[in-house]
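Before any comments, here is the structure.
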Amino acid sequence: MKILIVDDDPEIHHQVRLMLNDPSLTLESAGNFNDALVRLQSQPYDVVLTDIPGPDPDGFAFLDRIAAIRPQTKVLVMSAGNRRDRVAGSMRGRAASYVSKPFSAEQLKDALTETLILRIEPDDIEVLSDKPNWITVRAPCKLEIAERLTRFFRELPSDLDQELRDGAATAFRELFINAVEHGGQLDPEKKVELHFIRTNRSIVYYVRDPGQGFSMEDLPHAAISSPADPLNHVKVREEMGVRAGGFGLLLLNNFADELIYNEKGNEVILIKRL
50 MKILIVDDDP EIHHQVRLML NDPSLTLESA GNFNDALVRL QSQPYDVVLT DIPGPDPDGF
110 AFLDRIAAIR PQTKVLVMSA GNRRDRVAGS MRGRAASYVS KPFSAEQLKD ALTETLILRI
170 EPDDIEVLSD KPNWITVRAP CKLEIAERLT RFFRELPSDL DQELRDGAAT AFRELFINAV
230 EHGGQLDPEK KVELHFIRTN RSIVYYVRDP GQGFSMEDLP HAAISSPADP LNHVKVREEM
290 GVRAGGFGLL LLNNFADELI YNEKGNEVIL IKRL
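Printed below as a string of structure tokens:
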């Protein structure tokens with residue numbers, strides 16, 4: 050496995066090499082984008098692990114060049130002073146995953162493992178808006194995109210403590226999975242629209258799926274239908290022949306301060322006050 054590390058800080062190269070001390074990995078270094086492009090033109094790499102020094106627009110142009118030169122190469126973005134425009138720009142540039150500096154060895158290895166197993170399609174994630182306080186993406190109804198999108202969306206409320214960020218990321222993941230599985234029926238030709246909105250005092254997720262909607266009163270297979278006994282729905286799911294689960298709406302209700310569905314049931318707004 051060949052990995053190209055791209056960063057203008059020699060210490061980052063040193064730290065990454067220590068963290069990824071594995072004989073199965075071949076690690077090479079480039080101190081700038083031009084050096085990295087020369088290397089990419091001469092040989093393939095499995096992963097490019099690159100910094101995006103903001104607000105440098107060349108970083109996002111670099112992602113485009115990687116896709117043009119080596120479309121099979123995965124990109125894992127690492128960035129310090131995390132900003133929402135860098136996260137959105139990385140999604141638009143077809144990065145596979147994103148990790149914020151400073152990161153631990155475990156965080157880097159997790160992100161790298163995830164990057165390697167992902168299958169990236171050219172139009173998987175379409176960024177419709179990248180305003181720092183309002184980011185909108187559209188994605189096909191495919192479960193495998195859930196982990197990739199969740200990692201990006203985990204970084205959007207970067208100024209919050211880790212516990213709240215993890216809770217927000219888990220809530221986002223449940224919203225997305227519900228939308229693609231129940232709304233989109235796992236049909237990759239259908240699309241889900243997802244919004245991240247940040248106000249001074251709240252995080253807002255707005256999700257719209259292409260489905261027929263649902264009624265909260267007609268969910269015997271979901272844990273939220275029997276809050277006094279959250280496991281009552283398990284038997285119902287077994288009888289219906291559907292996979293284990295059904296805790297998503299209950300989890301969302303426990304995290305959100307407000308969870309609002311439209312009349313049809315295919316649009317939802319989650320509000321978390323800060």
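Be aware that the sequence shown starts at 50, since it is given in the numbering used here, and climbs by one per residue.
Think of the CB as a built atom: it goes at the ideal place given N, C-alpha and C, for glycine as much as any other residue.
All values derive from a computational prediction rather than experimental measurement.
Simplified DSSP state of residue i, which is helix, strand or coil
| i | result |
| --- | --- |
| Pro-189 | strand |
| Lys-239 | coil |
| Leu-69 | coil |
| Ser-91 | helix |
| Ala-79 | strand |
| Glu-163 | helix |
| Arg-322 | strand |
| Lys-313 | coil |
| Phe-304 | helix |
| His-282 | Because the pLDDT at His-282 is just 48, under 50, the model does not fix this residue reliably, and the value given afterwards should be weighed accordingly. Three-state DSSP puts His-282 in a helix. |
| His-63 | helix |
Which listed residue (the options) has its alpha carbon closest to that of residue i
| i | options | result |
| --- | --- | --- |
| Ala-116 | Gly-142, Arg-135, Asn-311 and Glu-242 | Gly-142 |
| Ile-118 | Met-127, Phe-109, Leu-89 and Arg-133 | Leu-89 |
| Arg-257 | Leu-235, Leu-224, Val-126 and Gln-234 | Leu-224 |
| Leu-86 | Leu-112, Asp-208, Ile-61 and Gln-156 | Leu-112 |
| Arg-351 | Ile-252, Pro-206 and Ala-305 | In this structure the chain extends from 50 to 323, so residue 351 is not present and cannot be described. |
| Pro-93 | Asn-227, Ser-251 and Thr-122 | Thr-122 |
| Thr-248 | Asp-134, Asn-182 and His-231 | Asn-182 |
| Arg-135 | Ile-184, Asp-236 and Leu-157 | Ile-184 |
| Phe-152 | Glu-77, Met-68, Ala-217 and Ala-137 | Met-68 |
| Gly-314 | Asn-227, Leu-323 and Ala-218 | Asn-227 |
| Ile-174 | Asp-210, Ala-195 and Ile-166 | Ala-195 |
| Ile-252 | Arg-66, Gly-260 and Phe-221 | Phe-221 |
Opening and closing residue of the beta strand (DSSP E) in which residue i lies
| i | result |
| --- | --- |
| Ile-54 | 51-55 |
| Asp-179 | 175-180 |
| Ser-207 | That residue, Ser-207, is in no beta strand (DSSP E); it is neither H nor E in DSSP. |
| Ser-153 | Run containing Ser-153: none; DSSP gives neither H nor E here. |
Cross-strand partners of residue i (DSSP beta bridge)
| i | result |
| --- | --- |
| His-244 | Thr-185 and Tyr-255 |
| Arg-135 | Answer by DSSP bridge pairing: none, since Arg-135 is not bridged. |
| Thr-99 | Val-55 and Val-126 |
Limits of the unbroken alpha helix (DSSP H) element including residue i
| i | result |
| --- | --- |
| Asp-27 | In the structure as shown, the chain begins at 50 and stops at 323. Residue 27 is therefore absent and cannot be evaluated. |
| Thr-219 | 211-227 |
| Ala-325 | Since the first residue of the chain shown is 50 and the last is 323, residue 325 is not available in this structure. |
Whole-angstrom C-beta distance between residue j and residue i, which should lie under 8 Å
| i | j | result |
| --- | --- | --- |
| Ile-52 | Leu-74 | 6 Å |
| Ala-145 | Val-124 | 6 Å |
| Lys-240 | Pro-171 | About 15 Å separates the two Cβ atoms, so there is no contact after all. |
| Leu-319 | Leu-308 | 6 Å |
| Phe-201 | Tyr-147 | 5 Å |
| Leu-177 | Val-186 | 7 Å |
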